[in-house]
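The listed protein sequences correspond, in order, to chains A and B.
Heads up, my numbering is the position in the first sequence plus 181, with the first residue counted as 1.
Heads up, my numbering is the position in the second sequence plus 181, with the first residue counted as 1.
One structure below.
Protein chains: 2
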Amino acid sequence: MKLLKDKILRDGKVYPGGVLKVDNFLNHRIDIQLLDAIGEEFYRRLKDEKITMILTVEASGIAVACMTARHFNVPVLFAKKNKTSNLSNDVYSAQVDSYTHGTTYNIVVSRDYISSSDRILIIDDFLAKGNAIHGLISIANQAGATVVAAGAVIEKSFQGGGDSLRENGIRIETLASVRALTDDGNIVFDK
Amino acid sequence: MKLLKDKILRDGKVYPGGVLKVDNFLNHRIDIQLLDAIGEEFYRRLKDEKITMILTVEASGIAVACMTARHFNVPVLFAKKNKTSNLSNDVYSAQVDSYTHGTTYNIVVSRDYISSSDRILIIDDFLAKGNAIHGLISIANQAGATVVAAGAVIEKSFQGGGDSLRENGIRIETLASVRALTDDGNIVFDK
Numbered sequence: 182m183k184l185l186k187d188k189i190l191r192d193g194k195v196y197p198g199g200v201l202k203v204d205n206f207l208n209h210r211i212d213i214q215l216l217d218a219i220g221e222e223f224y225r226r227l228k229d230e231k232i233t234m235i236l237t238v239e240a241s242g243i244a245v246a247c248m249t250a251r252h253f254n255v256p257v258l259f260a261k262k263n264k265t266s267n268l269s270n271d272v273y274s275a276q277v278d279s280y281t282h283g284t285t286y287n288i289v290v291s292r293d294y295i296s297s298s299d300r301i302l303i304i305d306d307f308l309a310k311g312n313a314i315h316g317l318i319s320i321a322n323q324a325g326a327t328v329v330a331a332g333a334v335i336e337k338s339f340q341g342g343g344d345s346l347r348e349n350g351i352r353i354e355t356l357a358s359v360r361a362l363t364d365d366g367n368i369v370f371d372k
Numbered sequence: 182m183k184l185l186k187d188k189i190l191r192d193g194k195v196y197p198g199g200v201l202k203v204d205n206f207l208n209h210r211i212d213i214q215l216l217d218a219i220g221e222e223f224y225r226r227l228k229d230e231k232i233t234m235i236l237t238v239e240a241s242g243i244a245v246a247c248m249t250a251r252h253f254n255v256p257v258l259f260a261k262k263n264k265t266s267n268l269s270n271d272v273y274s275a276q277v278d279s280y281t282h283g284t285t286y287n288i289v290v291s292r293d294y295i296s297s298s299d300r301i302l303i304i305d306d307f308l309a310k311g312n313a314i315h316g317l318i319s320i321a322n323q324a325g326a327t328v329v330a331a332g333a334v335i336e337k338s339f340q341g342g343g344d345s346l347r348e349n350g351i352r353i354e355t356l357a358s359v360r361a362l363t364d365d366g367n368i369v370f371d372k
């Protein structure tokens, strides 16, 4: 998606350790016009898939999920992060290892809001190691729902999460795929 | 806002201690059509105020803020919650006491994304004690920005936060105002 790649090149900042900071438009300050175009692009790719719900995880997935859901005219369900292991019986949960923060947390979703008839589009801001998306797939599976696809705004393909999910038969849609972040601060896209 | 009040009466659940749970449509599962109508209503009330940015706090404010920002065609900035007191110099921060969780946390915003020329609409899902909105006002003040108004989807007027803010001269816009939650589970609106 050219609009997005141009924005990443203009406003993205590269930090040591494979960190790409895009908090100017994606996950702190949010460029609503860009996110609307991002939502439209996910819709263009997936509009025939009879999606009934968009599933994401707080906090930085929520904006993209909402701006995408508007095009599909479906509800959003966002998983909550829970640092305690003390979970009630009325939730589905999955454990997620955070690569960025070096921690582990649970994500939880109320059983009331997801069912076996749902056809789910998972949405997140980044796809790096794929841990959050793996957790969301696990939750959808626990509910017996169908995961139609997982979409991320930016894939960091050099971290392998996307290919691992594709090898497991998950349809992955990412709008900008970053192949490398160089030591001198350059951002190299896959295509 | 009748559409919203009807939804609260139909799907809201009352729990002991003044808790109104609306996670069926507002802060876990998100009814995108309703939030779009909510955004449109905030826009109708405030469209002449030359708002340049919507400021909210993660996580449950983000959806409302985004669906409102689309109508104003302005960016969203969401404050991050930070449990450590170890803050860098490049942020504005404020301390917030959480009534619901009995904890205190910092909310932080990058200094890069808010300036003295901004005319800010603060948005959140609930206005109860008003602590989160007080924190966001403090951040806007630190940046020298103008707070045009603070909007919340649901005000719990019996907790006093809204009136306290109004007495301080802050324009408050709430779309459903709950006067009481009764022991037998009824929801009573102010008007």
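Even glycine gets a Cβ: it sits at the ideal position worked out from N, Cα and C.
Within the model, the alpha-carbon separation for PHE307 (chain A) versus ILE335 (chain A) is close to 5 Å. With a beta-carbon spacing of about 5 Å, GLY242 (chain A) and ASP305 (chain A) fall inside the 8 Å limit used to define contacts. In this structure GLY343 (chain A) is buried. Its beta-carbon is surrounded by 16 or more other beta-carbon atoms within 10 angstroms. The criterion of a C-beta distance shorter than 9 Å is satisfied by SER296 (chain A) and ALA326 (chain A). From the listed residues B:GLN214, B:ILE235, B:LYS262, the smallest Cα separation to VAL257 (chain A) is found for B:GLN214. Flagged as an interface residue toward chain B: ILE243 (chain A), by a C-beta distance shorter than 9 Å. With 16 or more other CB atoms across the displayed protein chains lying within 10 angstroms of its CB, HIS315 (chain B) is buried.
Of all residues in the region 271-302 of chain B, the ones placed with a Cβ closer than 7 Å to any Cβ belonging to chain A are SER291, TYR294, in chain order. Around the beta carbon of VAL200 (chain A), fewer than 16 other beta carbons lie within 10 angstroms, which makes this residue exposed. For ASN349 (chain A), the number of other beta carbons within 10 angstroms of its own is below 16, and it is reported as exposed.
Collapsing the DSSP output to three states places ASP305 (chain A) in a strand. Within chain A, the residues whose beta carbon sits less than 8 Å from that of VAL257 (chain B) are ARG210, ILE211, ILE213, ALA244, listed in sequence order. Counted as a single uninterrupted DSSP element, the beta strand (DSSP E) harbouring GLY332 (chain A) occupies residues 327-337.
Within chain B, the C-beta atoms nearer than 7 Å to that of ARG251 (chain A) come from ILE213, ASP217, in chain order. Annotation: THR237 (chain A) is outside any alpha helix (DSSP H); the continuous beta strand (DSSP E) that includes it extends over 234-238.
Nearest C-alpha to VAL255 (chain B) among A:LEU216, A:THR281, A:VAL289, A:ASP229: A:LEU216.
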